[in-house]
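**Student:**
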Amino acid sequence: DQQVKQNSPSLSVQEGRISILNCDYTNSMFDYFLWYKKYPAEGPTFLISISSIKDKNEDGRFTVFLNKSAKHLSLHIVPSQPGDSAVYFCAARGRSNDYKLSFGAGTTVTVRA
Amino acid sequence: NAGVTQTPKFQVLKTGQSMTLQCAQDMNHNSMYWYRQDPGMGLRLIYYSASEGTTDKGEVPNGYNVSRLKKQNFLLGLESAAPSQTSVYFCASSINSNQPQHFGDGTRLSIL
Numbered sequence: 001d002q003q004v005k006q007n008s009p010s011l012s013v014q015e016g017r018i019s020i021l022n023c024d025y026t027n028s029m030f031d032y033f034l035w036y037k038k039y040p041a042e043g044p045t046f047l048i049s050i051s052s053i054k055d056k057n058e059d060g061r062f063t064v065f066l067n068k069s070a071k072h073l074s075l076h077i078v079p080s081q082p083g084d085s086a087v088y089f090c091a092a093r094g095r096s097n098d099y100k101l102s103f104g105a106g107t108t109v110t111v112r113a
Numbered sequence: 114n115a116g117v118t119q120t121p122k123f124q125v126l127k128t129g130q131s132m133t134l135q136c137a138q139d140m141n142h143n144s145m146y147w148y149r150q151d152p153g154m155g156l157r158l159i160y161y162s163a164s165e166g167t168t169d170k171g172e173v174p175n176g177y178n179v180s181r182l183k184k185q186n187f188l189l190g191l192e193s194a195a196p197s198q199t200s201v202y203f204c205a206s207s208i209n210s211n212q213p214q215h216f217g218d219g220t221r222l223s224i225l
């Protein structure tokens, strides 16, 4: 039973525009959320995170928004660049088992020139 | 700067064969992890090690064993490989369990 869901398997966006990736979770005990980026034949790389005490965290072109009441988070990439073409994984964990990350299935982003 | 190194990168086994996947990290991290990734699914935790000499089962431990005899190494064993274990395996490490994890580039394992 997947506790973290990324319902859009793929996203295509034009270079320079905004990419919005969505993630939903079902476990109300999750209190920390992460986004990872993965290129083909490489391992995932940590991108950005957010604690449940915040509703927004920004790092350069990347911003993560958290809506706890809706159990929803999103990742915004502005502006999108060709190097952003990758698979993005949403992950979450709870306070009691902080090593147990639950991952979504990933969203493949393609940035068109 | 190597980070997390996994060997081998690719392996083909026959059903029933045994194999050990190797993982080494040079960041002096305390925590290490083994995941598997299957099509249409997120990464699933197989085993976790909080420190040298300690291991805990993750979400999908059946059919696997692990060993953490040295801080920098975390080994994943398949005693009797089954086709259901065909997957891409990722090793990861972190300073401790509540810090972001650093991943290796994966081992693609096929079991015929």
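Chains as they are written, first to last, in the working numbering: chain A, 1 to 113; chain B, 114 to 225.
Heads up, the beta-carbon is just placed ideally off N, CA and C, and yes, glycines get one too.
At a cut of 8 Å, does the stretch 89-97 of chain A reach the stretch 187-203 of chain B through at least three beta carbon pairs?
**Tutor:** The stretch 89-97 of chain A is not in contact with the stretch 187-203 of chain B.
**Student:** Under 8 Å, CB to CB, which of the residues in the stretch 42-63 of chain A have a partner in chain B?
**Tutor:** Against chain B - using a Cβ distance shorter than 8 Å - the residues of the stretch 42-63 of chain A are E42, G43, P44, T45, F46, S49.
**Student:** Give me the Cβ distance between B/M145 and B/F187, rounded to the nearest whole Å; I'm assuming they're in contact under 8 Å.
**Tutor:** Rounded, the Cβ-Cβ distance is 4 Å, consistent with contact.
**Student:** Which of the residues in the stretch 17-32 of chain A, read from start to end, lie with their CB under 9 Å from any CB of chain B?
**Tutor:** Residues passing the 9 Å Cβ filter: Y32.
**Student:** Could you tell me which of B/N178, B/N143, B/G219 sits nearest to B/Q185, measuring between CA atoms?
**Tutor:** Comparing Cα-Cα distances from B/Q185 to each of B/N178, B/N143, B/G219, the minimum goes to B/N143.
**Student:** Given a cut-off of 8 Å on the beta-carbon distance, is the pair B/M132 and B/Q124 in contact?
**Tutor:** It is a contact, given that the beta carbons lie within the stated cut-off.
**Student:** Starting from B/Y160, trace the beta strand (DSSP E) both ways and give me its first and last residue.
**Tutor:** Where B/Y160 is concerned, the enclosing beta strand (DSSP E) stretches over 157-162.
**Student:** Looking at the strands, I want to know which residues DSSP matches up with B/I224.
**Tutor:** B/L126.
**Student:** For B/P121, return the contacting residues in chain A, with the cut-off set at a CB-CB distance below 7 Å.
**Tutor:** Here the premise fails: no neighbours, minimum Cβ distance about 14 Å.
**Student:** Please work out which residues of its chain come closer than 8 Å, Cβ to Cβ, to B/L158, disregarding the five sequence neighbours upstream and downstream, and give them in chain order.
**Tutor:** Taken in chain order, the residues that qualify are Y146, W147, Y148, G171, E172, V173.
**Student:** Helix, strand or coil for A/I31? Go by DSSP, reduced to three states.
**Tutor:** For clarity, residue 31 of chain A is Asp in the given sequence; the question names Ile instead. A/D31 falls in the strand class under three-state DSSP.
**Student:** Locate the beta strand (DSSP E) running through A/R112, then write down its first and last residues.
**Tutor:** From DSSP, the beta strand (DSSP E) with A/R112 extends over 107-112.
**Student:** Step through the CB atoms of chain B and report whether any lies within less than 8 Å of the CB of A/A105.
**Tutor:** Closer than 8 Å: yes.
**Student:** Hey, how far is the Cα of A/K37 from the Cα of A/E58?
**Tutor:** Near 16 Å, if we compare the C-alpha coordinates of A/E58 and A/K37.
**Student:** Is the CB-CB distance between B/T168 and B/R181 below 8 Å?
**Tutor:** Yes, the Cβ-Cβ distance between B/T168 and B/R181 is below 8 Å.
**Student:** What is the C-beta distance between A/I50 and A/F33, in whole angstroms, given that I count them as a contact (C-beta under 8 Å)?
**Tutor:** That belief holds up - the Cβ atoms of A/I50 and A/F33 are roughly 5 Å apart, short of 8 Å.
**Student:** Find the nearest neighbour of B/A115 within the set B/S223, B/N211, B/F216, judged by alpha-carbon distance.
**Tutor:** The shortest C-alpha separation from B/A115 is found at B/F216.
**Student:** Rounded to whole angstroms, what is the Cα-Cα separation between A/N67 and A/D55?
**Tutor:** Their Cα atoms are separated by approximately 6 Å.
**Student:** Which full runs of the beta strand (DSSP E) of 3+ residues lie inside the stretch 141-222 of chain B, going along the chain?
**Tutor:** DSSP runs (the beta strand (DSSP E)) wholly in the stretch 141-222 of chain B: 144-150, 157-162, 177-180, 188-191, 200-207.
**Student:** Please classify A/Y88 as buried or exposed, where buried requires at least 16 other C-beta atoms within 10 Å of its C-beta.
**Tutor:** A/Y88 should be labelled buried.
**Student:** Opposite A/S49 in the DSSP bridges: which residues?
**Tutor:** According to DSSP, A/S49 bridges with A/L34.
**Student:** I'd like to know whether the C-beta atoms of A/D84 and A/V64 end up nearer to each other than 8 Å.
**Tutor:** No, the Cβ-Cβ distance between A/D84 and A/V64 is not below 8 Å.
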